[in-house]
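Asks: For the protein sequence lines, the chains are A and H, in the order given.
Residues 803 to 1206 in the working numbering are what the first sequence spells out, letter by letter.
Residues 803 to 1206 in the working numbering are what the second sequence spells out, letter by letter.
Number of protein chains: 2
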Amino acid sequence: MFTVNDNYLKLPGSYLFSTIGKKVAAFKEANPDKTVISLGIGDVTRPLTSSVIKALHSAVDEMASADTFKGYSPDLGYLFLREAIRDNDYKSRGVDIDVDEIFVSDGAKSDSGNIQEIFGADNKIAVCDPVYPVYVDSNVMSGRAGIYNPETERFSDVIYMPCTKDTNFAPEIPSETPDIIYLCFPNNPTGSTIKKDELQKWVDYANKVGACIIYDAAYEAFITEDDVPHSIYECEGAKTCAIEIRSFSKNAGFTGTRLGFTVVPKELKSKDTSLNPLWARRHGTKFNGAPYIIQAAGAAIYSDEGKAEIKELIGYYQENQKVILDGLKSAGYEVSGGVNAPYIWLKTPDNVKSWDFFDTLLNEANVVGTPGSGFGPSGEGYFRLTAFGTHEATKEAIERIKRL
Amino acid sequence: MFTVNDNYLKLPGSYLFSTIGKKVAAFKEANPDKTVISLGIGDVTRPLTSSVIKALHSAVDEMASADTFKGYSPDLGYLFLREAIRDNDYKSRGVDIDVDEIFVSDGAKSDSGNIQEIFGADNKIAVCDPVYPVYVDSNVMSGRAGIYNPETERFSDVIYMPCTKDTNFAPEIPSETPDIIYLCFPNNPTGSTIKKDELQKWVDYANKVGACIIYDAAYEAFITEDDVPHSIYECEGAKTCAIEIRSFSKNAGFTGTRLGFTVVPKELKSKDTSLNPLWARRHGTKFNGAPYIIQAAGAAIYSDEGKAEIKELIGYYQENQKVILDGLKSAGYEVSGGVNAPYIWLKTPDNVKSWDFFDTLLNEANVVGTPGSGFGPSGEGYFRLTAFGTHEATKEAIERIKRL
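Structure follows, in structure tokens:
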């Protein structure tokens, strides 16, 4: 008799955003007259930029003619895209990354879920608390997390790094030594960032103890301050201890278009085994490339015109960051994040539970956010709002919250 | 110190098609004057059909406007696509599949590589020999295959079902009882098919012993004979023992466009645990949907116009099947497959090794095929050609082979 992967049964509840989606759908069905505004799931609202649209149409036309039709893409992604990434995301910042260290994928979520596969089952992971659920859940699924304790809301074999008001919502180096350290800056969900000298300490630590950092830089396009690094490879020695995951979802509005990439440096090794060929093998075996037309669209954001449009697009959402931050502050809320990051992290009023605040917000203001506790126990009593709405909806949502 | 997934180190050599790609690239570089024809990797050559192109352009336009822009897709895929699949691929054949049993993905390769994840590590898999490498490799990566023996070219914990001339290139029920059985019909690489009453025997067997069949039906669109089933669910009782994987790659020319789906019936259970929510959880955690524009394009093949075009597209390749089959037969080759399937399986002349025949064909005829031994030891002495070339290239390739 076949058996199932028991590790799946250790997962508590369903995936956070699926749960929110179901709650919102139920509310809408029960209240068809209400206009619900979502500042919840982190989905973008602006259309794709002109250069991207142009590139998509042009690539579609190529697919219509036998002479220019494209079949299977190269395993690591098209060279035109990997070269654009190398030059614009790395070389321009003084970072030397080779094209065969760049793996184009269908998005950062897939990569951050799949990357754990190339590590041994006995590796101990360290994650921030609160944290993007995919890091933990994917390790639970592969049996690396141990057993869930519903009272502490923690897995027995995971090292949690609390990110609280006391730590300025940033992790501190844990007392127990981890093998794999998940870091995400600018942070989801708290919107906190890390200065280059602080990140250098993590890199030095990882190199010292032989840990691998999985660095999720999905939100780097939102960085405005000079001393906040866009890539972990801006730190010395990062190539021997870090994998970096990047997304087109938020900078280029690709949440429904799907494109991302992961950098696995060739120098990154466990003893004599380099991780780069292992990830290449996974890519070649369990993935067949992002669609050609999507890769062509991705390359378009690196043209001069494309870059200007992306800057404007990010600027649009950055205005929302300010509206949310200023509005909540003026209403007496305790808030952080929202600078260098599209996420605003707010303390719930009167210390109410995160999910209770979710329900209040949904039922009374018809605004959807994300309960902080959904990201981990240290997120209890906090709430995440995103800057990805339209200006109009964001302003309206903040007005509604003020009236609560 | 972090460690790597040692299972990856058990994989012999690199992924078959990557190896072929490297060999061909090296040959082309050394022989820039030679025109190489590939009937190898199974990549299509015809452009996308008019309906698909129209749907792509239209969906791209939707992404250009805030009112019609689409962000994250629903976890399982857009309902418009899942309904089209349910109605056209199943209901039309008398098969009742629910929309929430259909999971849209970025392709059959990803699904056939990832599906093993939801099964326990102790499950014993059975595969055909020769076989599409992804089934075995993905199980090796997760530690389910045991140790590779380079002499037998087999993994210690895998049950191999030889598909040889003696078995008419179809598997026979193995003497040792498996937990998971991978079946692919029409078959890759041999091009063999299975009649409905034969497939029913597998379904009955799986239900009897409590095995789960992973049924890869990526090539079902090539079926022309009435008694060959398009879906395993045409067999009675299949919903309690089978997962079905489908692809848009070959029927709609989506190899570089990326779309597929997997059906996991709710009735499929290991004791009390249904596999459907486990796959849903994986989908929700490690995947973020196929791009909206690609899903819209996928739906276009189910319109009346789309269906007519697909029929014509498949017909184009079916002409190649005939050219290859007839040409090789007239040249004295022993061939099978090529009916109901885009793959032609040929015996190498004088029993030369598959890779030697690959080299001869590449060097002397400048034609690329796939060595049968790359699919497993029982493929030794065989060679796979695909019908996915252009008419001109296919005819020319066969002429060149005849001249060898």
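Here a beta-carbon is modelled for each residue, glycine too, at the ideal position from N, C-alpha and C.
None of these values were measured; they are calculated from a predicted model.
Measuring straight from C-alpha to C-alpha, what distance separates Cys1043 of chain A and Asp902 of chain A?
Replies: Using only the alpha carbons, I get a separation of about 17 Å.
Asks: For the segment 1063 to 1085 of chain H, which residues have a beta carbon sitting closer than 8 Å to at least one beta carbon of chain A?
Replies: Those would be Ser1072, Lys1073, Thr1075, Leu1077, Leu1080, Arg1083, Arg1084, in chain order.
Asks: Please report the residue range of the beta strand (DSSP E) in which Gly1062 of chain A lies.
Replies: 1062 to 1065
Asks: Nearest CA to the CA of Glu1036 of chain A: which residue from A:Thr1057, A:Gly1086, A:Phe1056, A:Asp1006?
Replies: A:Asp1006
Asks: What residues of chain H sit near Leu1187 of chain A, judged by a beta carbon separation below 7 Å?
Replies: Simply none; closest approach about 16 Å.
Asks: Short of 7 Å in beta carbon distance, which residues of its chain neighbour Asn925 of chain A, apart from the five on each side in sequence? Order them along the chain.
Replies: Arg946, Asp981, Ile982
Asks: Checking contacts by CB at 8 Å: is His859 of chain H closer than that to chain D?
Replies: Here the protein chains are A and H, and chain D is not one of them.
Asks: Following the continuous beta strand (DSSP E) through Arg1048 of chain H, name the residue where it begins and the one where it ends.
Replies: 1044 to 1049
Asks: For Thr870 of chain A, collect the residues of the same chain with a Cβ closer than 7 Å to its Cβ; drop the 5 residues on either side in sequence, then sort them by chain order.
Replies: Same-chain partners within the cutoff: Glu864.
Asks: Beta-carbon within less than 6 Å of Ala1133 of chain A's beta-carbon, same chain only, minus the 5 sequence neighbours each way: which residues are those?
Replies: Lys1204
Asks: Buried or exposed, going by whether 16 or more other CB atoms sit within 10 Å of the CB of Pro814 of chain H?
Replies: Around the beta carbon of Pro814 of chain H, fewer than 16 other beta carbons sit within 10 angstroms, so the residue counts as exposed.
Asks: Using a Cβ-Cβ cutoff of 7 Å, what residues of the segment 860 to 883 of chain A are near chain H? List them in chain order.
Replies: Per Cβ criterion, the list reads Val862, Met865, Ala866, Ser867, Ala868, Phe871, Lys872, Gly873, Tyr874, Ser875, Asp877.
Asks: Using the beta-carbon of each residue, which ones in chain A are nearer than 7 Å to Ala1013 of chain H?
Replies: Phe804
Asks: Is the segment 1111 to 1130 of chain A close to the segment 936 to 944 of chain A, with three or more CB pairs under 8 Å?
Replies: Contact check between the segment 1111 to 1130 of chain A and the segment 936 to 944 of chain A: fewer than three CB pairs, one atom from each, fall below 8 Å, which does not count as touching.
Asks: Is Thr1087 of chain H close to chain A, meaning its C-beta is less than 8 Å from at least one C-beta of that chain?
Replies: Closer than 8 Å: yes.
Asks: Residues in the same chain with beta-carbon distance under 7 Å from Leu1115 of chain A, minus the five sequence neighbours each way, listed in chain order, please.
Replies: Arg848, Thr851, Gly1055
Asks: Can you find a C-beta in chain H that's less than 8 Å from the C-beta of Arg1048 of chain A?
Replies: no
Asks: Would you kindly work out how many angstroms separate the C-alpha atoms of Ala1167 of chain A and Gly1117 of chain H, rounded to a whole number?
Replies: Ala1167 of chain A and Gly1117 of chain H have their C-alpha atoms roughly 58 Å apart.
Asks: Mind listing the chain A neighbours of Arg848 of chain H? Cutoff is C-beta to C-beta under 8 Å, in chain order.
Replies: Ala868, Phe871
Asks: Compute the beta-carbon to beta-carbon distance between Gly1058 of chain H and Lys872 of chain A, rounded to the nearest angstrom, for a pair I have assumed lies under 8 Å.
Replies: Confirmed, about 4 Å.
Asks: What's the gap between the Cα of Ser1072 of chain H and the Cα of His1032 of chain A?
Replies: 47 Å
Asks: Decide yes or no for the touch test of the segment 1149 to 1156 of chain A against the segment 1170 to 1181 of chain A: beta carbon pairs closer than 8 Å, at least 3 of them.
Replies: Three or more beta-carbon pairs drawn from the segment 1149 to 1156 of chain A and the segment 1170 to 1181 of chain A are found closer than 8 Å, and the two stretches are therefore classed as touching.
Asks: Buried or exposed, going by whether 16 or more other CB atoms sit within 10 Å of the CB of Gly896 of chain H?
Replies: Label assigned to Gly896 of chain H: exposed.
Asks: Within 10 angstroms of the Cβ of Glu978 of chain H, are there 16 or more other Cβ atoms? Answer buried if so, exposed if not.
Replies: exposed
Asks: Cβ closer than 8 Å: which chain H residues qualify as neighbours of Ile843 of chain A?
Replies: The contacting residues are Tyr874.
Asks: For Pro1067 of chain A versus Asn1078 of chain A, is the C-beta distance shorter than 8 Å?
Replies: yes
Asks: May I have the straight-line CA-CA distance separating Val1154 of chain H from Asp1161 of chain H, to the nearest angstrom?
Replies: 11 Å
Asks: On the DSSP letters alone, give me the boundaries of the alpha helix (DSSP H) that Ser820 of chain A sits inside.
Replies: 818 to 832
Asks: Nearest-angstrom Cα distance between Ala1023 of chain H and Val1011 of chain H?
Replies: 31 Å
Asks: Thinking C-alpha only, which one of A:Asp1106, A:Lys824, A:Ser1076 is nearest Val806 of chain H?
Replies: Of the candidates A:Asp1106, A:Lys824, A:Ser1076, the one whose C-alpha sits nearest the C-alpha of Val806 of chain H is A:Ser1076.
Asks: Among the candidates H:Glu1111, H:Val1065, H:Ile1016, H:Ala832, whose CA atom is the shortest distance from the CA of Asn1053 of chain H?
Replies: H:Glu1111
Asks: One question on the structure: do Asn942 of chain H and Lys812 of chain H come within less than 8 Å of each other, judged by their Cβ atoms?
Replies: According to the sequence shown, residue 942 of chain H is Val rather than Asn. For Val942 of chain H and Lys812 of chain H, yes; Cβs fall inside 8 Å.
Asks: Do the CB positions of Ala1101 of chain H and Ala886 of chain H come within less than 8 Å of each other?
Replies: A contact, by the Cβ cut-off of 8 Å.
Asks: Does the beta-carbon of Gly896 of chain A, which I'm using as the reference point, lie nearer than 7 Å to any heavy atom of the ligand SAM?
Replies: Looking for the ligand SAM in the displayed structure turns up nothing, as the structure carries no ligands at all.
Asks: Flag Ser958 of chain A as yes if its beta-carbon sits less than 8 Å from any beta-carbon of chain H, otherwise no.
Replies: Chain H places no beta carbon closer than 8 Å to that of Ser958 of chain A, leaving this residue out of the contacts.
Asks: Near Ile961 of chain H, which residues of its chain fall below 8 Å by C-beta distance, leaving aside the five closest residues on each side in sequence?
Replies: Once the five neighbours on either side are set aside, the close Cβ partners of Ile961 of chain H are Lys926, Ile927, Ala928, Val929, Pro976, Glu978, Pro980.
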